[in-house]
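Peer 1: The sequence shown maps to residues 4 to 358 in my numbering. Ideal placement from N, C-alpha and C gives every residue a C-beta, glycine not left out. This one's a predicted model, so the numbers in the text were calculated from it and none came from an experiment.
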Amino acid sequence: MRSPLLTLTLTVFLISMVGWLLVVGRSLLLPFIIAIIVWYMINALSNVYRRIGYGNFHLPGLVAFPLALLTIFSVSTFVLDIVAVNLTQLAQDAPTYQRRLEELFTQAADLFHLNDPVELRDLFPDSVVPRMVTAGASVVTAIAGSASLVFIYVLFLLLEQSTFDRKFERLFATPERAKAAFAIRAEINSSLMHYFTIKTAVSVATGVLTSLVLIAIGLPYAALFGFIAFVLNYIPTIGSLIGVIFPSLLAIVYYDTLGPFLIIATGLGLIQFSIGNLIEPRLMGANLNLSGLVIMLSLALWGAIWGVVGMVLCVPLTVMIVIVCSKIEAARPVAVLLSENGEIGDLPAATQPGS
């Protein structure tokens with residue numbers, strides 16, 4: 004019989020190796036992960052299109068699937084083009100905003116009569132604004148550069164998806180175990196579909212409302228900040244806060260008075276609070292069953308491994324871990340610790356010892 008210490012040591016070693024491989028293989032894994040998300044979205048949107056109809060008539064799969072594919076890639080191309088144009092313009096204007104920010108620090112020092120005034124370079128490195136813009140542009144460039152690889156992955160996923168079920172079934176020795184595995188996959192699919200559907204809807208609403216508020220105030224780059232708010236809304240807790248900070252900081256250096264800054268900060272704050280704390284929890288319900296502390300730890304972990312993409316994916320990845328662990332007898336304590344209330348359902352008969 005294997006000793007508990009040996010089991011614990013092997014488990015820690017395995018987890019460490021997996022974490023190391025995730026970090027080292029980041030450049031190879033991220034395009035494939037993004038491709039899986041795009042493939043998943045295409046199939047989900049195709050199912051939505053199939054429900055569209057009148058009476059007994061519904062869009063056939065031969066029409067719904069290409070329409071979903073065209074929609075996803077058209078929207079992605081359109082959004083990336085808008086973001087690229089806004090970032091290019093922002094990069095040109097960045098030195099002006101840098102000088103304006105330095106002037107504000109000087110005015111603040113004169114206002115408080117500081118003998119040793121704090122300057123911008125004391126808190127941040129030189130040319131902090133251009134560097135931030137360059138960093139943002141590099142992220143968009145990296146996404147655009149990997150778009151061709153993502154497209155190839157998506158293409159092969161679409162071509163081979165008809166054989167996935169057959170190959171998945173043959174992984175298991177008995178039909179009972181295959182049935183239990185398909186049930187687990189269906190539960191994961193249902194939870195992720197629920198999460199992404201609600202999260203995407205509220206993220207789109209957040210991005211659109213953010214852009215409308217900024218357009219109404221007259222702040223430039225409204226489309227860019229709307230896109231940033233849309234993406235950051237997928238990041239739990241801190242994403243909504245950052246989505247308010249960026250346009251508010253620009254308002255400070257763009258306008259000569261604090262009025263627009265207060266309006267933008269208050270308006271965007273109310274949007275984030277209303278959607279994130281009132282609307283989204285009602286729509287999301289208790290479907291995810293994740294502890295708040297676990298979500299924050301997952302955010303830090305996946306953010307350290309995969310950066311912003313890891314932060315966006317931290318919730319669905321943790322949901323998958325909870326569901327899988329809840330169906331395996333030896334791993335059920337892990338699922339209990341990660342869950343919100345400890346209720347993880349019953350163990351499937353096909354996975355119980357002796358079955």
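If you measure between the beta carbons of L227 and L341, is that distance less than 8 Å?
Peer 2: For L227 and L341, no; Cβs fall outside 8 Å.
Peer 1: From P356 to A334, what does the alpha carbon distance come to, in whole angstroms?
Peer 2: With a pLDDT of only 49 at P356, under the threshold of 50, the placement of this residue in the model should not be trusted, and no figure is reported.
Peer 1: Restricting to Cα atoms, I'd like to know which of F230, F185, L215, H61 is closest to S79.
Peer 2: Per the Cα distances, F230.
Peer 1: Could you give the residue range of the alpha helix (DSSP H) that holds A232?
Peer 2: Run containing A232: 225 to 235, per the alpha helix (DSSP H) assignment.
Peer 1: Drop a sphere of 10 angstroms on the beta-carbon of N344, count the other beta-carbons inside from all chains shown, and report buried for 16 or more, exposed for fewer.
Peer 2: The residue is exposed, with fewer than 16 neighbouring Cβ atoms inside 10 Å.
Peer 1: With 16 other CB atoms within 10 Å as the buried threshold, where does W23 fall?
Peer 2: By the neighbour-count rule (16 or more Cβ atoms within 10 Å), W23 is not buried but exposed.
Peer 1: Relative to the C-alpha of D306, which candidate in G242, A204, R180, I220 has its C-alpha closest?
Peer 2: A small fix is needed here, since residue 306 is Gly in this sequence, not Asp. Closest by alpha carbon: G242.
Peer 1: Helix or strand or just coil, what does DSSP make of F60?
Peer 2: F60 falls in the strand class under three-state DSSP.
Peer 1: With DSSP as the reference, label P239 as helix, strand or coil.
Peer 2: DSSP places P239 in coil when its eight states are reduced to three.
Peer 1: Taking Cβ to Cβ, would you say L68 is nearer than 8 Å to Y156?
Peer 2: The question names Leu, yet the displayed sequence has Phe at residue 68. No, Cβ-Cβ distance for F68 and Y156 is not below 8 Å.
Peer 1: So, for I37: in the same chain, excluding its five sequence neighbours on each side, which residues have a beta-carbon less than 6 Å away from its beta-carbon?
Peer 2: Correct list, in chain order: V153.
Peer 1: Quick one: what's got a C-beta closer than 7 Å to S149's C-beta in the same chain, skipping five residues either side?
Peer 2: Result list for S149: P34, in chain order.
Peer 1: Considering only residues of the same chain and omitting the five flanking positions on each side of S6, which have a CB-CB separation below 8 Å?
Peer 2: So the list is empty, once near-sequence residues are dropped.
Peer 1: Assess contact between the region 174 to 194 and the region 274 to 283, defined as three or more Cβ pairs (one per stretch) separated by less than 8 Å. Is contact present?
Peer 2: Judged by Cβ distances under 8 Å, the region 174 to 194 makes no contact with the region 274 to 283, as fewer than three pairs qualify.
Peer 1: For Y257 and Q95, I'd like the C-alpha separation in whole angstroms.
Peer 2: For Y257 and Q95, the distance between alpha carbons rounds to 14 Å.
Peer 1: How would you label I248, buried or exposed, when you count the other beta carbons within 10 angstroms and need 16 or more for buried?
Peer 2: Burial call: exposed.
Peer 1: What distance in whole Å lies between the Cβ atoms of I75 and M44, which are believed to be in contact at a cut-off of 8 Å?
Peer 2: Confirmed, about 6 Å.
Peer 1: Would I191 and V315 qualify as a contact pair, given that the criterion is a beta-carbon distance under 8 Å?
Peer 2: No; because the gap between Cβ atoms is not below 8 Å, this pair is not in contact.
Peer 1: Which of helix, strand or coil does DSSP assign to K170?
Peer 2: Helix, per DSSP.
Peer 1: Does the separation of the CB atoms of P250 and L271 fall below 8 Å?
Peer 2: Contact flag set, yes.
Peer 1: So is V318 buried or exposed if we call it buried at 16+ other beta carbons inside 10 Å?
Peer 2: Buried, by the Cβ-count rule.
Peer 1: Give me, in chain order, the residues of the same chain whose beta-carbon lies closer than 6 Å to that of V205; leave out the 5 immediate sequence neighbours on both sides.
Peer 2: Counting only Cβ-Cβ distances below 6 Å, and skipping sequence neighbours, we find I278, E283.
Peer 1: Which first and last residues belong to the alpha helix (DSSP H) in which G272 is found?
Peer 2: 262 to 276 is the extent of the alpha helix (DSSP H) around G272.
Peer 1: Can you grab the Cα-Cα spacing for the pair T12 / M20, in whole Å?
Peer 2: So the two alpha carbons sit approximately 12 Å from each other.
Peer 1: By alpha-carbon positions, which one of T200, G262, I201 ends up nearest to L222?
Peer 2: Checked all of T200, G262, I201; the closest Cα to L222 is G262.
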